[in-house]
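Going by my numbering, the sequence shown opens with residue 3, and the numbers climb by one from there. Heads up: the structure comes next, in structure tokens.
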Amino acid sequence: MSKKGKHAKSGEAISLEEVEPSAAPAEEADFQAKLMAILSSTVDILGGNAGIVALWNEKEKRFAEGASYGLNSGGVERLRPLLKEAIPNLATGICVPAATTDQVQDPIIALPLQVAGEMIGLIYVVRPHLAGFFSSSDQHMLSVFADQVAISLQNARMASQLAKERYKIESILESSADGIMAIDTERHILSFNASMEKLTGWKKEEAIGSYCFKVLKLRDNEGAKLCQIKCPITRGAEGFFNLDGSIVAKDGQKVDVSMNYSIASSSNGALLPTVVNVRDISRLRQTEGRRLALLASVSHELQTPISIIKAYASTLARTDAEWSQQTIRDKLQAIEEESDRLSELVTKNLYSARLEAGSLTLNRLALDLPKEARKVAKRLGEQTEIHRIEVNFPPEFPSILADPGKIGEVLTNLGENAVKFSPQGGTIIIKGETSGNEVSVTVADEGIGVPLQDQERIFERFYRVEASLTRPTQGIGLGLYICKSLVEAHGGRIWVESEPGKGSRFTFTLPVGEQR
Ligand code: ADP
Numbered sequence: 003m004s005k006k007g008k009h010a011k012s013g014e015a016i017s018l019e020e021v022e023p024s025a026a027p028a029e030e031a032d033f034q035a036k037l038m039a040i041l042s043s044t045v046d047i048l049g050g051n052a053g054i055v056a057l058w059n060e061k062e063k064r065f066a067e068g069a070s071y072g073l074n075s076g077g078v079e080r081l082r083p084l085l086k087e088a089i090p091n092l093a094t095g096i097c098v099p100a101a102t103t104d105q106v107q108d109p110i111i112a113l114p115l116q117v118a119g120e121m122i123g124l125i126y127v128v129r130p131h132l133a134g135f136f137s138s139s140d141q142h143m144l145s146v147f148a149d150q151v152a153i154s155l156q157n158a159r160m161a162s163q164l165a166k167e168r169y170k171i172e173s174i175l176e177s178s179a180d181g182i183m184a185i186d187t188e189r190h191i192l193s194f195n196a197s198m199e200k201l202t203g204w205k206k207e208e209a210i211g212s213y214c215f216k217v218l219k220l221r222d223n224e225g226a227k228l229c230q231i232k233c234p235i236t237r238g239a240e241g242f243f244n245l246d247g248s249i250v251a252k253d254g255q256k257v258d259v260s261m262n263y264s265i266a267s268s269s270n271g272a273l274l275p276t277v278v279n280v281r282d283i284s285r286l287r288q289t290e291g292r293r294l295a296l297l298a299s300v301s302h303e304l305q306t307p308i309s310i311i312k313a314y315a316s317t318l319a320r321t322d323a324e325w326s327q328q329t330i331r332d333k334l335q336a337i338e339e340e341s342d343r344l345s346e347l348v349t350k351n352l353y354s355a356r357l358e359a360g361s362l363t364l365n366r367l368a369l370d371l372p373k374e375a376r377k378v379a380k381r382l383g384e385q386t387e388i389h390r391i392e393v394n395f396p397p398e399f400p401s402i403l404a405d406p407g408k409i410g411e412v413l414t415n416l417g418e419n420a421v422k423f424s425p426q427g428g429t430i431i432i433k434g435e436t437s438g439n440e441v442s443v444t445v446a447d448e449g450i451g452v453p454l455q456d457q458e459r460i461f462e463r464f465y466r467v468e469a470s471l472t473r474p475t476q477g478i479g480l481g482l483y484i485c486k487s488l489v490e491a492h493g494g495r496i497w498v499e500s501e502p503g504k505g506s507r508f509t510f511t512l513p514v515g516e517q518r
């Protein structure tokens, strides 16, 4: 009989991919090792020196080599026709006979591998020429051995199949954008995917085996420990449960999360590990927070003109008082002004909502920017007595292709802010410059300025600087958002440079584009 070491030296594994696509790499290696072990011991017992094991692929109705042993690729090629010849025999359930071919002078025996009457594969064993043909007693002994081999092979195959399924499921869970973890009934973490690592800052190796309440520390808005008082796992009931709250990640960052628990039991009634889906809802909460802030801000802004209108209207409507023509005119004028303010607020709000939805169309025309700036400056000058408005453009300023109405809005918003946020008055300069393929306009004031930490955020929708100085000013934080949207729609940029207490410089650029 041949020595095992001798076989192992020339053993050649053929990829399982042919038979079981996309198996887990480690499991495929394991399955290959088992196939090889089965093949080598079969060859050994039969006194052979080479062999090949082929697995029956029911879908394709063919044998696919699982592993070969002691054969070079030429030897495998020579045995291939035998695998084809074996197929009709399988169909009729007849045992494959021992065979030789012209090319292979060495005696060959085929060992059909069956489990519960079902063919699962074949092993061919080749003997050295001098060792003689396989006898009928050899064949009998081998048919008994084949049953054992078939069972081991079937087990290895099933294990590989299971591993493949497990690998698929684990890959899906691992790559899920939501955090997913499994928790046992004692609340130990059993699995922890990559998104959980990102959410919590805990490494998989640290989290697995830890108590979930130590990793998550879920709390509600009031700081109550939800893991202690509301954990669905401790209730021991089956079903789907939801808990919303916030967790504190390892870096101290608070993350708002929505946790969905799926608790099920096995057929014998024991609770299975709970699968928990953890979704980061911080952005959702932020949007919600902003929506509420907007509602509060808009309500507040609407409330002021409404109160004034109501007060003046009910004063004028009093029957027990006589009003002079002048008083009536003044009060009606105030009512008209407040109605205009109301209308502007509502229009700006609707406009910004339209911009956010992306439904903006530009009517691009050749625009004389210095002229537009002078128009805006004139209008601004009429609204204030404590500010001096200057317009400063170089003489050869290029006309640009832009929507005059929209750029007029940008200039007006920036100009009105300059007036509004320099309550002590001062000079406001609207300055134009050209540089390469773009033009820029800066609106500079000598007002209260914008703190550094707010300079980017003031362009967000509804953002207003929370400072005692700005609080008394009217506005809902939409003007700069509208400016940014309009400038960017033209392919330009907008930013602010400012020093609190000294003033602000808001600059926007526009591409020169094609000239008309
Ligand atoms: P609103 O003026 O309605 O509050 P904006 O979007 O125009 O909304 O401005 C957002 C915030 O940016 C203002 O509330 C203010 O805090 C700050 N801001 C805008 N322009 C100026 C400026 N010229 N000087 C100082 N702060 C400004």
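Glycine included, every Cβ here is placed at the ideal spot set by N, Cα and C. On a predicted model such as this, the values are computed, not experimentally measured, just so you know.
What does DSSP give as the partner residues of F508 in its beta bridges?
Mapped onto the sequence shown, residue 508 falls at position 506. Answer by DSSP bridge pairing, in chain order: V445 and V498.
Using 8 Å as the threshold, is the stretch 407-427 in touch with the stretch 436-453, meaning 3 or more CB pairs across them?
With a cut-off of 8 Å, the stretch 436-453 and the stretch 407-427 count as touching, because enough Cβ pairs lie within range.
Where does E224 land, buried or exposed, given buried means 16+ other C-beta within 10 angstroms?
Counting from one through the sequence shown, the residue named residue 224 turns up at place 222. Residue environment for E224: exposed (fewer than 16 other C-beta atoms within 10 angstroms of its C-beta).
Have a look at S260, C229 and P307 and flag the residue whose alpha-carbon is nearest the alpha-carbon of L286.
Numbered from 1 along the sequence shown, position 284 holds the residue referred to as residue 286. It is S260 whose Cα lies nearest to the Cα of L286.
Should D342 be listed as close to the ligand ADP, given that the test is whether its C-beta is under 6 Å from any heavy atom?
As a first step, residue 342 is located in the sequence shown; it is residue number 340 there, counting from the start. Not so, every heavy atom of the ligand ADP lies at least 6 Å from the Cβ.
May I ask whether a heavy atom of the ligand SAH can be found less than 6 Å away from the beta carbon of G449?
Absent from the structure shown: the ligand SAH. Ligands present: the ligand ADP.
Please classify E398: is it buried, with 16 or more other beta-carbons within 10 angstroms of its beta-carbon, or exposed?
For this step, residue 398 is matched to residue 396 along the sequence shown. By the neighbour-count rule (16 or more Cβ atoms within 10 Å), E398 is not buried but exposed.
Straight-line CA distance for V78 to L84?
The residue given as residue 78 occupies position 76 in the sequence shown. The residue given as residue 84 occupies position 82 in the sequence shown. Using only the alpha carbons, I get a separation of about 10 Å.
Throw me the rounded Cβ distance for the F461 and R292 pair, which I believe falls under 8 Å.
As a working mapping, residue 461 is identified with position 459 in the sequence shown. As a working mapping, residue 292 is identified with position 290 in the sequence shown. Going by Cβ atoms, the distance from F461 to R292 rounds to 14 Å, so no, they are not a contact pair.
State yes or no: is the C-beta of L286 nearer than 6 Å to some heavy atom of the ligand ADP?
By one-based count along the sequence shown, residue 286 stands at place 284. Incorrect: L286 has no Cβ contact closer than 6 Å to the ligand ADP.
Are the beta-carbon atoms of I478 and V441 separated by less than 7 Å?
Stepping through the sequence shown from its first residue, residue 478 is reached at position 476. Stepping through the sequence shown from its first residue, residue 441 is reached at position 439. No, Cβ-Cβ distance for I478 and V441 is not below 7 Å.
Could you check what DSSP says for L403 in three-state terms: helix, strand or coil?
As a position in the sequence shown, residue 403 is number 401, starting the count at 1. The answer is strand: DSSP assigns L403 an E or B state.
Under 6 Å Cβ to Cβ from E176, same chain only, skipping five residues before and after it: list those, please.
As a position in the sequence shown, residue 176 is number 174, starting the count at 1. If we look at E176 and ignore the five residues flanking it on each side, its Cβ neighbours are N195 and A196.
Straight-line CA distance for S500 to D253?
Residue numbering aside, residue 500 sits at position 498 when the sequence shown is read from its first letter. Residue numbering aside, residue 253 sits at position 251 when the sequence shown is read from its first letter. Near 32 Å, if we compare the C-alpha coordinates of D253 and S500.
For P130, which three-state DSSP category applies?
For the purposes of this step, residue 130 is taken as residue 128 along the sequence shown, with counting starting at 1. Three-state DSSP puts P130 in coil, outside helix and strand.
Taking 7 Å as the threshold (C-beta atoms), are V151 and I40 in contact?
To locate residue 40, count along the sequence shown from 1; it is residue 38. To locate residue 151, count along the sequence shown from 1; it is residue 149. Their beta carbons are under 7 Å apart, which means I40 touches V151 by this criterion.
Got a sec? Which residues, its chain only, sit under 6 Å from H492 by beta carbon, not counting five neighbours each side?
Against the sequence shown, residue 492 aligns to sequence position 490. Closer than 6 Å at Cβ, skipping near neighbours: A404 and L512.
How many angstroms separate the CA atom of I310 from the CA atom of K232?
Counted from its first residue, the sequence shown places residue 310 at position 308. Counted from its first residue, the sequence shown places residue 232 at position 230. So the alpha carbons of these two residues sit roughly 49 Å apart.
Can L454 and K350 be called in contact, C-beta distance under 7 Å?
Position 452 of the sequence shown, counting from 1, holds the residue named residue 454. Position 348 of the sequence shown, counting from 1, holds the residue named residue 350. In this structure, K350 does not lie closer than 7 Å to L454 by Cβ.
Taking 6 Å as the cut-off, is the CB of A420 close to at least one heavy atom of the ligand ADP?
Taking the first residue of the sequence shown as 1, we reach residue 420 at position 418. Yes, the Cβ of A420 comes within 6 Å of a heavy atom of the ligand ADP.
So the candidates are V445, R281, Y483 and P425; which of them puts its Cα closest to the Cα of I432?
The count along the sequence shown starts at 1 and reaches residue 432 at position 430. Of the candidates V445, R281, Y483 and P425, the one whose C-alpha sits nearest the C-alpha of I432 is V445.
For R281, name the three-state secondary structure that DSSP assigns.
By one-based count along the sequence shown, residue 281 stands at place 279. R281 falls in the strand class under three-state DSSP.
Taking the straight line between their C-alpha atoms, what separation do you get for S178 and N279?
For this step, residue 178 is matched to residue 176 along the sequence shown. For this step, residue 279 is matched to residue 277 along the sequence shown. When rounded, the distance between both Cα atoms is 10 Å.
Identify every residue that forms a DSSP beta bridge with S267.
Position 265 of the sequence shown, counting from 1, holds the residue named residue 267. Looking at the DSSP assignment, S267 forms a beta bridge with L273.
From L144 to L192, what distance separates their C-alpha atoms?
As a position in the sequence shown, residue 144 is number 142, starting the count at 1. As a position in the sequence shown, residue 192 is number 190, starting the count at 1. Distance between L144 and L192, taken at the CA atoms: about 46 Å.
Using DSSP with H/G/I as helix, E/B as strand and the rest coil, what is N195?
Position 193 of the sequence shown, counted from the start, is the residue given in the question as residue 195. In the structure shown, N195 sits in coil (DSSP, three-state: anything other than H, G, I, E or B).
Tell me whether the beta-carbon of I265 lies closer than 7 Å to the beta-carbon of E240.
The residue given as residue 265 occupies position 263 in the sequence shown. The residue given as residue 240 occupies position 238 in the sequence shown. For I265 and E240, yes; Cβs fall inside 7 Å.
Once you ignore the five residues that flank L347 on each side, which residues in its own chain have a CB closer than 6 Å to its CB?
The count along the sequence shown starts at 1 and reaches residue 347 at position 345. So the qualifying residues of the chain are E303.
In this structure, does DSSP put D253 in helix, strand or coil?
As a working mapping, residue 253 is identified with position 251 in the sequence shown. Reduced to three states, the DSSP call for D253 is coil.
Which one or two residues does DSSP pair with K227 in a beta bridge?
Translated into positions along the sequence shown, residue 227 becomes position 225. R221, per the DSSP bridge assignment.
Relative to the ligand ADP, is the shortest distance from any of its heavy atoms to the C-beta of R466 smaller than 6 Å?
Taking the sequence shown and counting its residues from 1, one reaches residue 466 at position 464. Because some heavy atom of the ligand ADP lies under 6 Å away, the Cβ of R466 counts as near it: yes.
Is it right to say A93 is buried, meaning 16 or more other beta carbons lie within 10 angstroms of its own, or is it exposed?
Walking along the sequence shown from the start, residue 93 turns up at place 91. Model confidence at A93 stands at a pLDDT of 43, short of 50, so the residue's coordinates are unreliable; what they give is reported in the following sentence. Exposed.
Taking 6 Å as the line, does the beta carbon of G493 fall inside it for any heavy atom of the ligand ADP?
Reading the sequence shown from its first residue, position 491 is the one you call residue 493. Outside the cutoff, so no.
Does DSSP classify L85 as helix, strand or coil?
Translated into the one-based positions of the sequence shown, residue 85 becomes position 83. Helix at L85.
The beta strand (DSSP E) spanning G181 covers which residue range?
Mapped onto the sequence shown, residue 181 falls at position 179. Unbroken beta strand (DSSP E) run through G181: G181 to I185.
For the alpha helix (DSSP H) containing V467, name the first residue and the last one.
Looking up residue 467 in the sequence shown gives position 465. Where V467 is concerned, there is no enclosing alpha helix (DSSP H), given that its DSSP letter is neither H nor E.
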